[in-house]
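Numbering-wise (the working numbering), the sequence shown opens with residue 419 and increments by one.
Where is the CB? At the ideal position from N, CA and C, for every residue including glycine.
Only one structure is covered here, and it is reproduced in the block below.
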Amino acid sequence: KVLADGGYTGEKFAHEVEFLIKAEVEIAKRNELHTFAVLPKRWVVERCFGWLEKSRRLWKNCERKTNSSLQMMVLCFLVILLKRF
């Protein structure tokens with residue numbers, strides 16, 4: 419299941435996700451009254467981006483090859499996991 423914001427509503431997005439990763443899309447909808455309510459499992463991806471921004475090496479992309487940038491991101495997540503445990 420892919421949890422997405424209301425900006426990703428639409429059949430085209432749902433079909434593409436289903437075609438590419440074989441998962442269904444669930445859209446997190448807001449209340450009609452716009453009152454604050456905690457929604458379960460929301461914004462996990464944004465939290466990961468916040469963790470990545472703490473790494474100085476990833477502030478600017480100075481790598482010549484995209485594979486090097488990808489490996490630096492993997493290394494950064496590995497450091498985050500090792501610090502947690």
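Alpha-carbon spacing of residue i relative to residue j, whole angstroms
{"i": "Thr427", "j": "His433", "result": "11 Å"}
{"i": "Arg474", "j": "Leu500", "result": "18 Å"}
{"i": "Glu436", "j": "Val443", "result": "8 Å"}
{"i": "Ala422", "j": "Leu438", "result": "16 Å"}
{"i": "Arg502", "j": "Gln489", "result": "20 Å"}
{"i": "Phe431", "j": "Val420", "result": "11 Å"}
{"i": "Val497", "j": "Ser487", "result": "15 Å"}
Under 8 Å between C-beta atoms of residue i and residue j
{"i": "Ala446", "j": "Gly468", "result": "no"}
Own chain residues within Cβ distance below 8 Å of residue i, not counting five before or after
{"i": "Leu470", "result": "Leu476, Met491, Cys494, Phe495"}
{"i": "Asn479", "result": "Ser487"}
Residues that residue i bridges to, as DSSP identifies them
{"i": "Val444", "result": "A small fix is needed here, since residue 444 is Glu in this sequence, not Val. In DSSP, Glu444 forms a bridge with Leu421."}
Close beta carbons around residue i, own chain, < 7 Å, minus the five adjacent residues each side
{"i": "Arg465", "result": "none"}
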